[in-house]
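Take a look at the structure set out below.
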């Protein structure tokens, strides 16, 4: 009887493996670039040419391979990166050179020219369809050049699933930046038919990230915090720069770009109330931890990782971003640990050495040790309000010189002009004061000459509803007294709400609660109601603002939390640089 279960031929096995690793030209480029970095190179160049789906060539000046090593490298399950199963728990490299090459060679033609420093001549090896076609001695500089052509010619079904030439080229550029941005100490160069782009070896990861952001870089603020297991540093985008999708999110762990749903959710939470719900920020986060704290082998292409303590990382990221943006962190317990010293953010590593994956020297600001279940007594030591990367007392340093369209304040700064949306600015100021009061901080209140009597919303029984309403009103700064069954009399409110139409606000609140199918746990969505109050009380667009009022508004912005956006997520200010103005007027100097 013929067995229905049989071993697959090697060429079929290789093509299956290639399907897990090689999805598109960008997948090939990623593997080749990471191999180049792992080789200890000081310089890496990627060249894209030829007809779609392109020919790719990656050249490095790393350690190179001998003839015997080159022949082994194109066989499956050969590597220079690990020697035992224990090594899988502390991987300090991007991958296994011998893993990618046979997968690529099974669906393309691959030429490898390589020479180690200690040998006078090099080796040229050609593989196609998983078969070695030739191996010969060749003259070559120190390092390795891998050329990949004819991608998916032997698997046309795979090729038809590729996107357009433009889309695939954009993926190539994204992969290049994803490897090059954290690759400190190595110079990177990318060349295609349109031109070239390069990162110099002296550039830090932070400098590279900001240069990659282009014009958006002026709206990035620094992030840098540490905990017992992780250090997070990088750049967080202000609300002036956002995306409809996740294209602006760049996460790196130990020099490797990755995706993570938990961290993605933490970012969304950190930007809640700062960006509209349908927008995502521009964000560069570099995570450093011990290799034992992260598993990079959970995805064939190593684009996803698994952390031993994901919740700690996500909470740290949320606090870090909130602090950088000026948002007051909550007091939820988090296992911060005392740190005694800090390495400089993005400090350069020696040229040609692999990325530092250890925790040695990875420290940060001191955080108090908390007893189990204890509540933090004071604020976490994140950025002070108004002291974001735009500079200490940024708004107070602006010089108001006018108002346009009765809506925007025109201010001058050293490098250009800043436009401030007066309604968004005042809305943020009022919201910040209301939030302070709600969080239990001191905030002035005032008695009203004319109390306002209102009815309870009527969405719960009075025995449940009245305590919830009174608790919310008291925390927000309203004074009140009973006014009979299912009614309450408002006798005062926060001083931050001068001329506040309390009756109109209450009617809108009740209408909103009655329209909801599912009520919040505490009946009220506090942030949403504080936003609504702030919107009613803030200076409106269309109102004339004096210079003195403008100065006061700017000074108050420096004291507000998350002062770069209104509570709905619209930006409060934008900058037009002197260089941009000169370009508009075709001034050359």
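Numbering (the numbering used here), first residue to last: 21 to 609.
Think of the CB as a built atom: it goes at the ideal place given N, C-alpha and C, for glycine as much as any other residue.
Cα-Cα separation between residue i and residue j, rounded to whole angstroms
i, j, result
"residue 524", "residue 552", "11 Å"
"residue 343", "residue 150", "52 Å"
"residue 10", "residue 514", "Here the chain comprises residues numbered 21 to 609, so residue 10 is not present and cannot be evaluated."
"residue 185", "residue 258", "33 Å"
"residue 328", "residue 337", "15 Å"
"residue 76", "residue 120", "14 Å"
"residue 384", "residue 548", "Interpretation of residue 384 is limited by its pLDDT of 34, a score under 50 that renders its predicted location unreliable; the figure taken from the coordinates is listed afterwards. For residue 384 and residue 548, the distance between alpha carbons rounds to 35 Å."
"residue 198", "residue 270", "8 Å"
"residue 497", "residue 593", "29 Å"
"residue 434", "residue 604", "18 Å"
"residue 125", "residue 81", "22 Å"
"residue 450", "residue 235", "31 Å"
"residue 200", "residue 219", "7 Å"
"residue 395", "residue 53", "For residue 395, the predicted structure reports a pLDDT of 33, less than 50, and the residue's modelled location is therefore unreliable. The matter cannot be settled from this model."
"residue 486", "residue 527", "16 Å"
"residue 454", "residue 578", "16 Å"
"residue 96", "residue 294", "49 Å"
"residue 491", "residue 280", "38 Å"
"residue 157", "residue 142", "6 Å"
"residue 431", "residue 169", "55 Å"
"residue 531", "residue 479", "10 Å"
"residue 573", "residue 448", "11 Å"
"residue 581", "residue 445", "11 Å"
"residue 610", "residue 253", "For the chain, the structure presents residues 21 to 609; residue 610 sits outside this window and is missing."
"residue 569", "residue 586", "19 Å"
"residue 190", "residue 212", "11 Å"
"residue 325", "residue 278", "7 Å"
"residue 248", "residue 560", "47 Å"
"residue 129", "residue 123", "11 Å"
DSSP beta-bridge partners of residue i
i, result
"residue 430", "422, 439"
"residue 327", "314"
"residue 466", "513"
"residue 193", "Partner(s): none; residue 193 has no beta bridge."
"residue 247", "DSSP output for residue 247 lists no bridge partner at all."
"residue 68", "76"
"residue 475", "507"
"residue 277", "272"
"residue 301", "262"
"residue 306", "253, 272"
Cβ distance (whole Å) where residue i is taken to contact residue j below 8 Å
i, j, result
"residue 511", "residue 477", "Contact doesn't hold; Cβ gap of about 19 Å is too wide."
"residue 506", "residue 475", "6 Å"
"residue 171", "residue 73", "5 Å"
"residue 237", "residue 583", "Between residue 583 and residue 237 the Cβ distance is about 20 Å, and since that is not below 8 Å, they are no contact."
"residue 15", "residue 301", "Because residue 15 is not part of the residues shown, which for the chain are 21 to 609, the question remains open."
"residue 598", "residue 423", "Residue 598 to residue 423, Cβ: 21 Å. No contact."
"residue 250", "residue 315", "The Cβ separation is near 15 Å, so there is no contact."
"residue 216", "residue 255", "With 8 Å as the limit, residue 216 and residue 255 do not qualify as a contact, their Cβ atoms being about 25 Å apart."
Residue i burial status per 10 Å Cβ neighbour count (16 or more: buried)
i, result
"residue 148", "buried"
"residue 601", "exposed"
"residue 202", "buried"
"residue 166", "buried"
"residue 426", "exposed"
"residue 421", "exposed"
"residue 591", "buried"
"residue 544", "buried"
"residue 484", "exposed"
"residue 536", "exposed"
"residue 457", "buried"
"residue 79", "buried"
"residue 207", "buried"
"residue 69", "exposed"
"residue 606", "exposed"
"residue 84", "buried"
"residue 192", "buried"
"residue 140", "exposed"
"residue 612", "Limits of the chain in this structure are 21 at one end and 609 at the other, which puts residue 612 out of reach."
"residue 504", "exposed"
"residue 181", "exposed"
"residue 612", "Since the displayed the chain opens at 21 and closes at 609, residue 612 lies outside it and no answer follows."
"residue 159", "exposed"
"residue 45", "buried"
"residue 164", "buried"
"residue 318", "exposed"
"residue 138", "exposed"
Check: residue i C-beta below 8 Å from any heavy atom of the ligand COA
i, result
"residue 585", "In terms of ligand content, the structure shown is empty, and the ligand COA therefore cannot be addressed."
Inside the segment 502 to 551 only - beta strand (DSSP E) runs reaching at least 3 residues: Taken in chain order, the complete beta strand (DSSP E) segments of 3 or more residues contained in the segment 502 to 551 are 507 to 514.
Runs of 3 residues minimum, wholly inside the segment 142 to 166: which ones carry the beta strand (DSSP E) assignment? If we require 3 residues or more, the beta strand (DSSP E) runs fully inside the segment 142 to 166 come out as 142 to 148, 151 to 158.
Hey, which unbroken runs of the beta strand (DSSP E) at 3 residues or more fall wholly within the segment 193 to 266? Runs found: 207 to 212, 215 to 219, 240 to 246, 251 to 257.
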